[in-house]
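> Sequential numbering from -13 applies to the sequence shown in this note's numbering. Note that the Cβ used here is the ideal one computed from N, Cα and C, for glycine as well.
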Amino acid sequence: MKTGLLVVMSGPAGVGKGSVIRRAMELDDSIVTSVSATSRKPRPGEVDGVHYFFRTREQFKAMIEEQRLVEWVEYCGNYYGTPKEYVTRELEKGKKIVLEIEVEGSMKIKEMFRDSILCFIVPPSFGELERRLRDRKTEDEETIQRRLERAIEEFKYIPQYDYVVLNDTIEEAARRFVSIIHAERMRTFRNLEIIDRLTGKE
C-alpha cells in the first residue's frame, strides 16, 4: 500500500506561496492542498471552505481545546491552523498533501509526522519581497512593515527545512516544487510494496 506524502510550504507573506502551489497543482493533479482554518476576516474573493475555514476567535479557541488541529499558530494577530481529520484521511489514501503554514507550525508538523517534507520558498531579494507586498494593495504601511520584520525572523528557520525553492517566476518555482515532490515520492521507503513484489514477499 502506498503511503501518502505530506509536504509543508512556508515562506514570508507576499513571497507567492499560494500562487506557486496553485500552479503546481495544475502541473500535477495528484497534488492536493489542505484547507486551513483561520480567525482572520476573508479578503475579497476568498470563499469559506475553499481558501480557508473562516472562524471567529472563539470558535478557533474551541478547536484548539478540542484538539481538532494538527498545528496552530497566532500570526500577526490572527489564528491559523490545520484540521487534523483532513490530513490523516488524505494520507491514508496515499495522497500528496501540501500544507501552506507558518514556520512555527512547520516545526510542529515535523514533530508529529517525521516523514514530512519541509520546503521554504524565498524571493530573489528582500527588495522584491517588499515590492510584492506593496503590489497586493491589501494592507496599510504599518502592516507591511510588520510583515517585513517578521520575514527577517522567518528566514532564520531556513536551515531547519529540507528544501529552499526560489520564486523568481511562478512557473519556474512551481516546476522546482513539483520536481521535489516527485523525487521524494520515489524514495525507497515510500515504495516498499514494489520491493516486496519483486522479492516475492507479496
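1. Would you say Asp182 lies against chain B (beta-carbon separation less than 9 Å)?
2. For Lys88, which of helix, strand or coil comes out of DSSP?
3. Rounded to the nearest angstrom, what separates Arg122 and Ala169 at their Cα positions?
4. Cutting at 7 Å between CB atoms, please list the residues of its own chain near Glu76, excluding the five before and the five after it.
5. Taking the CB atoms as reference points, tell me whether Glu125 and Ser22 lie closer together than 9 Å.
6. So what's Gly(-3) in DSSP terms, helix, strand or just coil?
7. Taking a contact to mean a Cβ-Cβ separation below 9 Å, would you say Ile107 touches Asp148 in this structure?
8. By Cβ distance below 7 Å, which residues in the same chain neighbour Glu60 in space, the five residues on each side in sequence not counted?
9. Could you tell me the alpha carbon to alpha carbon distance between Ile167 and Arg54, rounded to whole angstroms?
10. Excluding sequence positions up to five away, which residues of its chain have a Cβ less than 6 Å from the Cβ of Ser5?
Working from what's here:
1. Absent here is chain B; the protein component of the structure consists of one chain.
2. Reading the sequence as shown, one finds Glu at residue 88 and not Lys. In this structure, Glu88 counts as coil in the three-state DSSP scheme.
3. 33 Å
4. The residues Gly(-10), Val18, Ile83, in chain order, have a CB closer than 7 Å to that of Glu76 in the same chain once the five nearest residues on each side in sequence are set aside.
5. No, they are not a contact pair.
6. coil
7. Cβ atoms of Ile107 and Asp148: not closer than 9 Å.
8. none
9. Roughly 27 Å separates the two Cα atoms.
10. The residues are Ile156.
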